[in-house]
Structures are given as structure tokens and as C-alpha cells.
Amino acid sequence: MIIILFGPPGAGKGTQADNLVKKFGLIQLSTGDMLREAIEKGTQLGIEAKAVMDRGELVSDQIIIGMIKEKLKEKSGSKGFIFDGFPRNIEQAKALDVLLDNLNKKLDKVIEISVNDEILIDRIKNRAKEMKDARSDDNADVLVKRLKVYHQNTEKIIPHYSKQGKLVKVDGMNSINEVGQEIEKNLKIET
Ligand code: AMP
1 MIIILFGPPG
11 AGKGTQADNL
21 VKKFGLIQLS
31 TGDMLREAIE
41 KGTQLGIEAK
51 AVMDRGELVS
61 DQIIIGMIKE
71 KLKEKSGSKG
81 FIFDGFPRNI
91 EQAKALDVLL
101 DNLNKKLDKV
111 IEISVNDEIL
121 IDRIKNRAKE
131 MKDARSDDNA
141 DVLVKRLKVY
151 HQNTEKIIPH
161 YSKQGKLVKV
171 DGMNSINEVG
181 QEIEKNLKIE
191 T
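Once you know that position 88 of the sequence shown is 88 in our numbering, the rest is easy, because the numbers rise by one and skip nothing.
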């Protein structure tokens with residue numbers, strides 16, 4: 001099974017992806033996590049990406065698509081994948097179609113976790129207060145920028161997937177458990 005978890009920053013994609021990984025043995029491919037790993041390792045890519053991420057902007061498609069291509073190759077024998085935080089614009093969505101096609105794989109579903117902007121801003125403010133080691137791009141100012149980028153670029157991929165009949169929308173304002181159950185129902189996974 002191959003799915004995309006889609007939604008604005010702070011919608012809970014990572015939490016839901018973790019659950020699906022634990023329950024069904026899918027591999028999570030989070031481009032945000034890959035970039036943070038590169039930052040931690042201090043690679044050239046990490047240094048360049050950090051400045052972009054701290055501004056709440058998108059890292060270049062070339063870097064992102066290259067990272068995903070490599071991971072898909074490395075994990076080609078896996079049961080399935082969850083894309084988390086990728087694709088984030090139409091170029092990336094089209095590149096993913098080609099990558100999967102070349103691997104003879106098929107995208108099953110795109111799960112959109114929808115949450116109001118006001119709720120997201122509240123969540124991120126609380127997260128920044130609670131966590132001593134909050135991410136450097138996890139503050140209200142950068143979040144507002146990231147939300148803007150989401151509405152301007154990332155949301156534009158919705159029609160690409162609804163045309164393919166693959167898009168399902170779940171209410172991300174419910175509890176973590178409820179959102180998880182809704183996702184599983186849409187994936188028709190028996191629990
Ligand atoms: P995330 O952990 O998915 O919220 O991503 C954190 C930051 O990493 C984003 O604000 C972007 O700067 C960068 N990033 C992550 N995934 C992508 C992507 N698919 N395309 C471009 N930039 C990305």
C-alpha cells in the first residue's frame with residue numbers, strides 16, 4: 001500500500017504516520033525528517049536547507065525529489081510507504097507519479113487531514129511553550145509563513161489527486177484516536 005498523508009503544518013501527519021507504521025509495517029518517508037537528519041549531520045545539504053526551513057519556505061524540488069528517489073530505491077522491497085510532507089507542490093506531485101511509474105508501483109490513496117488555520121496557530125504556540133527543544137521552525141511567525149506557503153503551493157495539488165479519484169478528506173480537528181480510526185476506515189484496513 002502506498003499513501004500520502006497530506007495537510008497543513010501541525011495537522012498531525014507525523015503522529016498519524018507513526019501509528020500506521022507501528023500497526024501495518026509501512027515505511028514512513030518524511031522529507032522534513034530527512035532534512036532534519038541532514039542538518040544534524042552537518043552536511044552541505046543540511047546547512048543550505050536549514051536557512052530555507054527557518055524562513056518557512058520550501059526547499060528546492062531538485063533536492064527533495066532526489067532524496068525521495070534515493071529512499072524509494074533503498075527501501076524498494078518494503079510492504080508499502082507513507083509519504084509525509086511530500087509532495088508539497090505540483091512539480092513534486094508530478095515527479096512522484098513518474099518515480100512510482102518507473103518502479104511499477106501505484107499510489108493508493110491521498111489522505112487530507114484538514115484543520116482550521118486558527119486551531120493550527122494555537123497548537124503550535126502551545127507546542128513551542130511546552131517543549132524546551134522546540135524546532136527552530138516551530139514558532140508562531142514561521143508557522144504563519146508555512147501556512148501561507150501551504151495555501152499558495154501545497155493545496156494546489158488537491159485537484160491533481162481528486163482527478164485521479166484518490167483523495168479522501170478526514171477531519172483533523174477530532175481527537176488523535178478519532179482521526180486515526182477515520183484514516184483506517186478510508187484505507188479499509190481491518191483492525
Ligand atoms: P515538515 O517537517 O514536513 O513540516 O517540514 C519542515 C520544513 O522542511 C518545511 O517547512 C520545508 O522548509 C522543508 N520541507 C519538508 N518537506 C518538503 C518538501 N516536500 N518540499 C520542500 N520543502 C520541504
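C-beta atoms are modelled at their ideal positions from N, C-alpha and C, and glycine is treated no differently.
Length of the line joining the Cα atoms of residue i and residue j
i	j	result
Asn-104	Asn-174	36 Å
Gln-152	Ile-158	12 Å
Asn-89	Gly-32	14 Å
Glu-178	Gln-28	21 Å
Ser-76	Asn-116	36 Å
Asp-54	Gln-44	16 Å
Lys-129	Ile-39	23 Å
Phe-24	Ile-82	11 Å
Val-149	Glu-155	9 Å
Asn-186	Asp-137	32 Å
His-160	Ile-113	17 Å
Ile-41	Glu-74	Correcting the residue identity first, residue 41 is Lys in this sequence and not Ile. If I take the Cα positions, the gap works out to 19 Å.
Gly-46	Met-34	9 Å
Sequence-distant residues of the same chain with beta carbon closer than 8 Å to residue i, five excluded per side
i	result
Lys-166	Leu-107, Asp-108, Lys-109, Val-110
Phe-86	Ile-4, Leu-29, Ser-30, Thr-31, Ile-64, Ile-68, Gln-92, Leu-96
Cβ-heavy atom distance, residue i to the ligand AMP, below 6 Å
i	result
Met-67	no
Phe-24	no
Ala-110	Going by the sequence as given, residue 110 is Val instead of Ala. Result no, Cβ not under 6 Å from the ligand AMP.
Phe-6	no
Pro-9	yes
Thr-15	no
Thr-31	yes
Gly-85	yes
Ile-64	yes
Val-224	Any property of residue 224 remains undetermined from this structure, which presents the chain solely from 1 to 191.
Leu-120	no
Arg-123	no
Same chain only: Cβ atoms within 6 Å of residue i, ignoring 5 sequence neighbours per side
i	result
Arg-123	Gly-10
Met-1	Gly-80, Asp-108
Glu-190	With a pLDDT of only 46 at Glu-190, under the threshold of 50, the placement of this residue in the model should not be trusted; the figure read from the coordinates follows. Closer than 6 Å at Cβ, skipping near neighbours: no residue.
Val-59	Ala-49, Val-52
Residues near residue i in its chain [Cβ-Cβ closer than 7 Å; skip 5 each side]
i	result
Thr-15	Ile-176
Leu-236	Any question about residue 236 goes unanswered here, given that the chain covers just 1 to 191.
Gly-180	Gln-16, Asn-19
(message) Quick check for students: name the residue ranges of the beta strand (DSSP E) that lie wholly in the segment 11–65, counting only runs of 3 or more.
(response) If we require 3 residues or more, the beta strand (DSSP E) runs fully inside the segment 11–65 come out as 27–30.
(request) Just list the alpha helix (DSSP H) runs in the segment 64–132, keeping only unbroken ones of 4 residues or longer that don't cross its boundaries, in chain order. (result) Within the segment 64–132, the complete alpha helix (DSSP H) runs of at least 4 residues are 90–102, 117–130.
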